[in-house]
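Protein chains in written order, with the numbering used here: chain A, 1418 to 1693; chain B, 1418 to 1693.
Just so it is clear, CB atoms sit at the ideal spot from N, CA and C, and this is done for glycine as well.
Since we're looking at a predicted model, the values are computed, not measured.
Protein chains: 2
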Amino acid sequence: MSAVAKLGDHVIKNGQLIPSDQAVVPVALREVQYGFQTYESLRVLHGEVVHLEDHLERLRHSCDGIKLVPPCSYEDIGAWVHLLIESDHIGDATMKIQVYGGPEAMCFVMAAPLLSYPERYYRDGVKAITYHGERLLPTCKTGNLLLQYMALEEAKRQGGFEAILVDRKGDALEGTRSNFYAFHDGKLFTAPDEEVLGGVTRSRVLKACKKLGIEVVFRSPKESELDAGYYDEAFISATSMAAMPVTQINKVHLPGNRKRTLAICKMVRDWELTDN
Amino acid sequence: MSAVAKLGDHVIKNGQLIPSDQAVVPVALREVQYGFQTYESLRVLHGEVVHLEDHLERLRHSCDGIKLVPPCSYEDIGAWVHLLIESDHIGDATMKIQVYGGPEAMCFVMAAPLLSYPERYYRDGVKAITYHGERLLPTCKTGNLLLQYMALEEAKRQGGFEAILVDRKGDALEGTRSNFYAFHDGKLFTAPDEEVLGGVTRSRVLKACKKLGIEVVFRSPKESELDAGYYDEAFISATSMAAMPVTQINKVHLPGNRKRTLAICKMVRDWELTDN
Chain A
1418 MSAVAKLGDH VIKNGQLIPS DQAVVPVALR EVQYGFQTYE SLRVLHGEVV HLEDHLERLR
1478 HSCDGIKLVP PCSYEDIGAW VHLLIESDHI GDATMKIQVY GGPEAMCFVM AAPLLSYPER
1538 YYRDGVKAIT YHGERLLPTC KTGNLLLQYM ALEEAKRQGG FEAILVDRKG DALEGTRSNF
1598 YAFHDGKLFT APDEEVLGGV TRSRVLKACK KLGIEVVFRS PKESELDAGY YDEAFISATS
1658 MAAMPVTQIN KVHLPGNRKR TLAICKMVRD WELTDN
Chain B
1418 MSAVAKLGDH VIKNGQLIPS DQAVVPVALR EVQYGFQTYE SLRVLHGEVV HLEDHLERLR
1478 HSCDGIKLVP PCSYEDIGAW VHLLIESDHI GDATMKIQVY GGPEAMCFVM AAPLLSYPER
1538 YYRDGVKAIT YHGERLLPTC KTGNLLLQYM ALEEAKRQGG FEAILVDRKG DALEGTRSNF
1598 YAFHDGKLFT APDEEVLGGV TRSRVLKACK KLGIEVVFRS PKESELDAGY YDEAFISATS
1658 MAAMPVTQIN KVHLPGNRKR TLAICKMVRD WELTDN
């Protein structure tokens, strides 16, 4: 009798369960070289996928945005997510859907241990830097990620956790893998929807703000304002982070007590279990 | 006795000769997902590599530009190019060097049949379209190629051979895989060096212009000028193309007789064999 399959043993490629070490792509394939690819990262908690429909909807938006035709339907992909959970007896995990386009289109569904962060990141907040550069298609999750890679590496070199991307107008739009928000005078400032990734988590952050009576202003924080200490509390949001306090940006420490961020974070986390 | 190895049988990965079908990368590897990668395409003619040192120098420039540390020296890579030519008894070929960075850095050297184009492309010229979008790091050849992929697909949909990328100022900078040039009043207009890829072929095109007494103006043709028929002859250059006449841009047909382009093309091709 073979051992019971567990998290990480398999990957699904175009509907077929294959061993994880066979989840490879040819170096010479044009779509691999050019990053003609879309993706989603999802949370699985107690065997349940969090906000699956939202992720599939965003995947569709990303594919449409770059005219990538997946080799299957979005319903298929959703079914494959469930298939992998069952096959590998997955409880908690971070799952990734990755779709390559072109004549040999491929869809991979992969699982890894649940991405989570130390409690002190939430208690003490994390450091971010600003980084100048503009995403090609901000509302789509694609393989065009070199800017994000370089920015995050620079943040790490400076002892930071995230880099906030600043455009040529000086607007601090979003993180390399997160959305970005900052409080001034009780109001929350964040980029307009059309300039950033429409986060599955971002939409819940905004809903939480409504519930908590926090006014949201859709105007990006300026880098110059961040450097001048204009904001007293800031945070980033992502599927893996919910809402994570940012207590230092470049050399500026933010004085806020993070209560509002943590209230938003708790609400977003609670909704993961109720599919709100 | 095993069959004699031939073009395409092998790939070199970090110095090791492996069967081509094993030239794969893990889908889940961050550097693959993010396109943290640089590359070069080279011509091999009669077993000789054309302008190898220039390509290695540009590869170094690309790696430095994105802080990618290859798993080997550039001399190693040059030696591997020769090793593959010998191992697979390569006469004419297009070779590709592809370097992935990160903790598991990898360098691949691959060969494919020599990329060439029908003679009528040179005789009659090709059609190009303009496409709006800006490259992240124009002087580096990296895996951040989604814009180029989308632009070229759009060109093909419109029956074109190349898309010329136009920035937000309306400047027609370069093709998706080529540099771009247009004649007006006997002068050749092309983008300033710092705004485009420093082509190995581009430098020879410029040298040919000097020899031929053609004045070069380093100012990008404007999209509005192209649409207004301001230029009477245009061409694109690349390793695989040398200098290829462009006789239609969007709906505008260029009246030029292409003699200047073909003179430049011949000179660039001749230098391939003398390593000039």
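Between the options, which lies nearest to residue i when the distance is taken from Cα to Cα?
i: ILE1631/B; options: LYS1676/B, THR1556/B, GLY1587/B, ALA1422/B; result: LYS1676/B
i: MET1527/A; options: GLY1673/A, GLN1665/A, ASP1602/A, GLU1457/A; result: GLU1457/A
i: HIS1499/B; options: THR1691/B, HIS1549/B, VAL1516/B, MET1512/B; result: MET1512/B
i: SER1657/B; options: ALA1440/B, LEU1434/B, LEU1462/B, ASP1438/B; result: LEU1462/B
i: ALA1651/B; options: ARG1574/B, TYR1539/B, PRO1555/B; result: TYR1539/B
i: GLY1542/A; options: ARG1621/A, LYS1573/A, LEU1671/A; result: LEU1671/A
i: THR1547/A; options: ALA1680/A, GLY1464/A, GLU1591/A, LYS1423/A; result: GLU1591/A
i: GLY1646/A; options: ALA1660/A, ILE1653/A, THR1664/A, SER1654/A; result: THR1664/A
i: GLU1689/A; options: ARG1460/A, LEU1434/A, LEU1424/A; result: ARG1460/A
i: ILE1653/B; options: LEU1623/B, ASP1493/B, GLU1571/B; result: LEU1623/B
i: PRO1662/A; options: ASP1602/A, ASN1596/A, GLN1575/A, SER1637/A; result: ASN1596/A
i: GLY1432/A; options: HIS1478/A, ARG1477/A, TYR1491/A, SER1479/A; result: TYR1491/A
i: LYS1637/A; options: LYS1604/A, ILE1429/A, GLN1454/A, ARG1477/A; result: Here the sequence assigns Ser to residue 1637/A, which means Lys is not the residue at that position. The shortest C-alpha separation from SER1637/A is found at LYS1604/A.
i: MET1523/A; options: GLY1425/A, ARG1585/A, LEU1424/A, CYS1480/A; result: CYS1480/A
i: GLY1615/B; options: GLY1425/B, PRO1535/B, TYR1534/B, PRO1555/B; result: PRO1555/B
What is the DSSP secondary structure of residue i, counted as helix, strand or coil?
i: ASP1471/A; result: helix
i: MET1527/A; result: strand
i: VAL1486/B; result: coil
i: GLU1611/B; result: helix
i: GLY1576/B; result: coil
i: VAL1622/A; result: helix
i: TYR1491/B; result: helix
i: ILE1666/B; result: strand
i: LEU1605/B; result: strand
i: VAL1633/B; result: strand
i: VAL1444/A; result: coil
i: THR1593/A; result: coil
i: VAL1421/B; result: coil
i: GLY1673/B; result: coil
i: ALA1645/A; result: coil
i: LEU1532/A; result: coil
i: LYS1544/B; result: strand
i: LEU1582/B; result: strand
i: THR1559/A; result: strand
Can you pull the DSSP bridge partners for residue i?
i: ASP1588/B; result: LYS1639/B
i: VAL1461/B; result: VAL1466/B, ALA1510/B
i: GLU1571/A; result: Answer by DSSP bridge pairing: none, since GLU1571/A is not bridged.
i: ALA1660/B; result: SER1654/B
i: ILE1429/A; result: LEU1434/A, VAL1526/A
i: ALA1599/B; result: PHE1606/B, ALA1651/B
In whole angstroms, what is the alpha-carbon distance linking residue i and residue j?
i: ASP1471/A; j: PHE1525/A; result: 18 Å
i: ALA1440/A; j: LEU1629/A; result: 44 Å
i: VAL1669/B; j: ALA1599/B; result: 13 Å
i: PRO1436/A; j: VAL1617/A; result: 30 Å
i: LEU1367/B; j: PRO1443/A; result: Outside the displayed range of chain B (1418 to 1693) lies residue 1367/B, so it cannot be described from this structure.
i: GLU1611/A; j: PHE1635/A; result: 10 Å
i: LYS1683/A; j: LYS1544/A; result: 21 Å
i: ARG1537/A; j: VAL1467/B; result: 56 Å
i: HIS1427/B; j: GLY1464/B; result: 16 Å
i: GLU1503/B; j: VAL1613/A; result: 50 Å
i: GLU1521/A; j: LEU1469/A; result: 26 Å
i: THR1679/B; j: LEU1532/B; result: Per the sequence shown, the amino acid found at residue 1679/B is Leu instead of Thr. Taking the straight line joining both Cα atoms gives about 19 Å.
i: ARG1686/B; j: LYS1573/A; result: 46 Å
i: MET1449/B; j: THR1691/B; result: The sequence given here places Val at residue 1449/B; Met does not occur at that position. If I take the Cα positions, the gap works out to 37 Å.
i: PHE1606/B; j: ASN1674/B; result: 17 Å
i: ILE1666/A; j: GLN1565/B; result: 34 Å
i: ASP1649/A; j: GLY1519/B; result: 36 Å
i: GLU1570/A; j: LEU1643/B; result: 41 Å
Hey, residue i and residue j are a contact pair by Cβ (cut 8 Å); roughly how many whole angstroms apart?
i: ALA1529/B; j: ALA1510/B; result: 7 Å
i: ALA1589/B; j: ALA1580/B; result: Not a contact, Cβ separation roughly 10 Å.
i: HIS1506/A; j: ALA1422/A; result: 6 Å
i: SER1641/A; j: GLY1577/A; result: SER1641/A to GLY1577/A, Cβ: 19 Å. No contact.
i: GLY1560/A; j: GLY1452/B; result: 6 Å
i: ARG1594/A; j: ALA1660/A; result: Going by Cβ atoms, the distance from ARG1594/A to ALA1660/A rounds to 14 Å, so no, they are not a contact pair.
i: LEU1485/A; j: LEU1553/B; result: Not quite, the Cβ-Cβ distance comes to about 20 Å (not below 8 Å), so this is no contact.
i: LYS1558/A; j: ARG1475/A; result: 7 Å
i: LEU1501/B; j: GLY1550/B; result: LEU1501/B to GLY1550/B, Cβ: 34 Å. No contact.
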